[in-house]
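Each residue of the sequence shown is one higher than the one before, starting from 1 at the first, in the UniProt record's numbering. From the three backbone atoms N, C-alpha and C, an ideal C-beta is built for every residue, glycine too. If you're wondering where the values come from, they're calculated on a predicted model, not measured in any experiment.
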Amino acid sequence: MNNQNSEETVIPFIIVQPGYATGDMFAIAATLINNERYHVLVSTTMDKDRNMTDPYDNSKSIIEFYKSSGIDESRIHTHNVAEVRSPGLASELKKKVVTLVKIYDNNISRGEIIRNYYKPVGEGTRYIADNFSDNMRTVLRNAWDINGSQDNAIRIWLETQGIPTSGNNLLILWSRFSGKGGDIHIEHDTSYWGIKQIVHRVADMYDAVIITGDKGYLKERAKKYDETADEINSKSPSRKVFNITEFWKGNSPELKAWGGNTRMGQFKLYEYFDTHFQNVKHLGFRSGNLEVMAMLGYKVRYMEEKGSESGDRMTSWFDKGDGFTKGTGKATGYERLVLAEPPTRSGKFIQYQIQEINKEVRERKQPFEDHIKSLKESGESPQSQTIKNLEKKIKEIDDEGEARKKIYAGPEMAPSRKDNILPSAIPKKGKESFSEGFSENDMKIILSYLQPADWVERETAYERYVPQRSKSYEKLLEG
Numbered sequence: 001m002n003n004q005n006s007e008e009t010v011i012p013f014i015i016v017q018p019g020y021a022t023g024d025m026f027a028i029a030a031t032l033i034n035n036e037r038y039h040v041l042v043s044t045t046m047d048k049d050r051n052m053t054d055p056y057d058n059s060k061s062i063i064e065f066y067k068s069s070g071i072d073e074s075r076i077h078t079h080n081v082a083e084v085r086s087p088g089l090a091s092e093l094k095k096k097v098v099t100l101v102k103i104y105d106n107n108i109s110r111g112e113i114i115r116n117y118y119k120p121v122g123e124g125t126r127y128i129a130d131n132f133s134d135n136m137r138t139v140l141r142n143a144w145d146i147n148g149s150q151d152n153a154i155r156i157w158l159e160t161q162g163i164p165t166s167g168n169n170l171l172i173l174w175s176r177f178s179g180k181g182g183d184i185h186i187e188h189d190t191s192y193w194g195i196k197q198i199v200h201r202v203a204d205m206y207d208a209v210i211i212t213g214d215k216g217y218l219k220e221r222a223k224k225y226d227e228t229a230d231e232i233n234s235k236s237p238s239r240k241v242f243n244i245t246e247f248w249k250g251n252s253p254e255l256k257a258w259g260g261n262t263r264m265g266q267f268k269l270y271e272y273f274d275t276h277f278q279n280v281k282h283l284g285f286r287s288g289n290l291e292v293m294a295m296l297g298y299k300v301r302y303m304e305e306k307g308s309e310s311g312d313r314m315t316s317w318f319d320k321g322d323g324f325t326k327g328t329g330k331a332t333g334y335e336r337l338v339l340a341e342p343p344t345r346s347g348k349f350i351q352y353q354i355q356e357i358n359k360e361v362r363e364r365k366q367p368f369e370d371h372i373k374s375l376k377e378s379g380e381s382p383q384s385q386t387i388k389n390l391e392k393k394i395k396e397i398d399d400e401g402e403a404r405k406k407i408y409a410g411p412e413m414a415p416s417r418k419d420n421i422l423p424s425a426i427p428k429k430g431k432e433s434f435s436e437g438f439s440e441n442d443m444k445i446i447l448s449y450l451q452p453a454d455w456v457e458r459e460t461a462y463e464r465y466v467p468q469r470s471k472s473y474e475k476l477l478e479g
């Protein structure tokens, strides 16, 4: 750990984190654990009774996670807001950072504070990319109490679930539905049909397949994973597929015995799997949960569609071929499978809309870019007012395009909301032209990671190849 204790005042770096941003908390926690100079500022709607007034506010659980990670309360700051996604929040948080830093040095200028000590929410990601190491992994595992101390209790709980407690090959599939539940990035949500395709294709390659993470955004669909598991288990000599989504919400004594109803306890379960099975693989769409699995040392791949608007940020963690990132850090093992398209119809619809916006923006900018090129070739100064005006116009087009794309990347298109605003979900007719599930080419990419090297194809009692499917809403209504 990098201790910053000194007789002279050390001004902290302060990471600002919106209260809804749970996906960033693992990298931020890791940064704070490894370097005591870092503090965090979390926006919150928590009232005096510690209740959230905004249904999208996760600040309470974020702060509790930091505290349980051993981060001193003096390094965890809060700023009360009306809504965690309220307009002008960024400037509010910057002002708060200035106030906090001036406690350490009242003579420091606002500009210097913003340049040197204010850190955006992505700072955790950057820090890991530049500073991760074997020693840091050990520090994190110690902070999160990853040591096998609860293995006996975990084994007992697994036995109550009928889940194998040891074996050779284990696959852990991560389910994500936070986008459709009213958060961001619907295109990175899981497809029930896509999970079905993967499970049917690889079940005979593994001793067990675990489906974990989110059940779904609608209660009536929560049993879809059970149905997929039953399709395999009913035609196999023994149960192979297990749905433990949202297991942490359980109330059994066996679960509580190892802290399975807590965030830290959940980590212990995946450590158990990694030490009691010979080959364990994790797969899901991009998420903070998979980031922490990689930091803890497990084998992880995340899926993401080609051209993802937010995809570049996590590439800083990638192995450049020598075990290290493009920065100075050791690669965590968080690596990507690039797919042609998302598996859900909603994701495909959003991908298409964003591609169309990008195409339109390029076409609108082209005449202005050509004009600038022509002027420069004829000797016009790049600083001339004519060129500046053209560049301003290009920026306006870019900004307009980004604003339009944010509607698709944000919560506006979610079919379910946590607040009192009526959802404006993607029209069913808009999704109808897209298939549900993974294409065969994308399945080949997935199998390049999942298929064990020594696997030999055998006949199965269940259908191994499950194709994409189309859905006609008019036909469903007629039926």
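Buried versus exposed, by CB contacts within 10 Å (16 or more), residue i
i, result
"Gly437", "buried"
"Ala453", "exposed"
"Gln4", "Only weak support exists for where Gln4 lies, its pLDDT of 49 falling under 50; the value from the coordinates is given anyway. Exposed."
"Gly333", "buried"
"Tyr127", "buried"
"Gly213", "buried"
"Ile103", "exposed"
"Gln385", "exposed"
"Glu369", "exposed"
"Leu218", "exposed"
"Glu457", "exposed"
"Ile146", "buried"
"Ser6", "Confidence is the limiting factor: at Ser6 the pLDDT is only 44, short of 50, which leaves the residue's position unreliable and the question unanswerable from this model."
"Glu341", "buried"
"Ser191", "buried"
"Lys475", "Its pLDDT being 49, under 50, Lys475 is placed unreliably in this model, and the coordinates cannot settle the point."
"Gly70", "exposed"
Helix, strand or coil at residue i according to DSSP, with G and I counted as helix
i, result
"Tyr465", "coil"
"Trp174", "strand"
"Asn106", "coil"
"Gly284", "strand"
"Ile114", "helix"
"Gly70", "coil"
"Ile372", "helix"
"Arg313", "helix"
"Gly167", "strand"
"Tyr334", "strand"
"Glu459", "coil"
"Leu447", "helix"
"Lys240", "coil"
"Glu478", "Reliability fails at Glu478, whose pLDDT of 43 lies under 50, so the model's placement of it is uncertain and no value is given."
"Gln17", "strand"
"Ile11", "coil"
"Thr328", "coil"
"His185", "coil"
"Ile426", "coil"
"Val361", "helix"
Option nearest residue i by Cα separation, candidates the options
i, options, result
"Tyr462", "Phe273, Arg201, Ile426 and Glu440", "Arg201"
"His39", "Gly321, Thr31 and Thr45", "Thr31"
"Lys281", "Ala208, Lys224, Trp317 and Asn233", "Ala208"
"Val98", "Asn142, His77, Asp57 and Gly329", "His77"
"Thr44", "Asp322, Arg221, Pro427 and Ser59", "Ser59"
"Gly88", "Pro18, Gly284, Lys365 and Gln468", "Pro18"
"residue 505", "Thr344, Lys388 and Tyr449", "Nothing about residue 505 can be read from this structure; the chain reaches only from 1 to 479."
"Asn131", "Ile28, Pro55, Gly23 and Val84", "Ile28"
"Thr460", "Ser234, Asn251, Ser308 and Ile426", "Ser234"
"Thr254", "Ile407, Tyr465, Asp151 and Ile33", "Note that residue 254 is Glu in the sequence shown here, rather than Thr. Glu254 has its Cα closest to that of Asp151, out of Ile407, Tyr465, Asp151 and Ile33."
"Ile175", "Ile114, Thr245, Phe13 and Gln383", "First, the amino acid is wrong: residue 175 is Ser here, not Ile. Nearest option by C-alpha distance: Thr245."
"Met205", "Trp258, Asp226, Glu112 and Ile232", "Ile232"
"Asn51", "Arg37, Asn80 and Tyr66", "Asn80"
"Ser178", "Lys320, Ala21, Ser381 and Tyr352", "Ala21"
Beta-carbon gap between residue i and residue j smaller than 8 Å
i, j, result
"Ala129", "Gly288", "no"
"Ser439", "Ile186", "no"
"Gly122", "Arg286", "no"
"Lys330", "Asp57", "no"
"Asn168", "Phe277", "yes"
"Gly401", "Ile357", "yes"
"Tyr272", "Ile154", "yes"
"Asn34", "Val101", "no"
"Ile354", "Tyr270", "no"
"Ile14", "Tyr117", "yes"
"Asp398", "Val361", "yes"
"Lys365", "Ile394", "yes"
"Met264", "Ser68", "yes"
At 4 residues or longer, what runs of the alpha helix (DSSP H) sit wholly inside the stretch 195 to 236?
The stretch 195 to 236 contains these whole alpha helix (DSSP H) runs: 224 to 233.
At 4 residues or longer, and completely inside the stretch 134 to 160: list those alpha helix (DSSP H) runs for me, N to C.
Within the stretch 134 to 160, the complete alpha helix (DSSP H) runs of at least 4 residues fall at 134 to 143.
Unbroken alpha helix (DSSP H) runs of length 4 or more, entirely within the stretch 247 to 306: which are they?
253 to 256, 263 to 276 and 288 to 295
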